[in-house]
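**Q** One structure follows; several queries about it will come next.
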Amino acid sequence: MANHKSAKKAIRSSAKKRLLNRYQHVTTRNMVKKLRTTTDHAMAVELFKTVASALDKLAKRNIIHKNKASNNKSKLARLVNGLKPAAA
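When we follow the working numbering, the leftmost residue of the sequence shown carries the number 758, and every step to the right adds one.
As structure tokens, this is what we get:
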């Protein structure tokens, strides 16, 4: 256990940050899973915008590496572009 006041505070603040980071990471992973299971092109395009934004935010906050965010966005973009748009 920490002995100094500042060390105790650091433990508390790092625990809070860890919970928030895990929440954001899990939420984004769930969004990616939802996008991967989507078969509707229009819905996938809309979902892709929010997922790409969320991945960029995670990378900006160093929750995931920026190259991992780029790789995920690239793969998801290929998936979305591969879906056939509905015939109008």
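Here a beta-carbon is modelled for each residue, glycine too, at the ideal position from N, C-alpha and C.
Indicate whether R724 and L833 have their beta-carbon atoms separated by less than 9 Å.
**A** What is shown of the chain runs 758 to 845, which leaves residue 724 out entirely.
**Q** Within its chain, find whatever has a CB closer than 8 Å to the CB of N838; leave out the 5 residues flanking it on each side and keep chain order.
**A** Translated into positions along the sequence shown, residue 838 becomes position 81. Contacts found: none.
**Q** Skipping 5 residues on each side, what residues in its chain have a beta carbon closer than 7 Å to that of K830?
**A** Residue mapping note: residue 830 aligns to position 73 of the sequence shown, counting from 1. Excluding positions up to five away in sequence, the list reads A809 and L812.
**Q** Quick check on the DSSP output: the alpha helix (DSSP H) that includes N828 runs from which residue to which?
**A** Locating residue 828 in the sequence shown gives position 71, where the first residue counts as 1. Where N828 is concerned, the enclosing alpha helix (DSSP H) stretches over K823 to G839.
**Q** Just the Cα atoms here: how many angstroms apart are S823 and T785?
**A** As a working note, residue 823 is residue 66 in the sequence shown. As a working note, residue 785 is residue 28 in the sequence shown. Looking at the sequence itself, residue 823 is Lys, so the reference to Ser does not match. Taking the straight line joining both Cα atoms gives about 15 Å.
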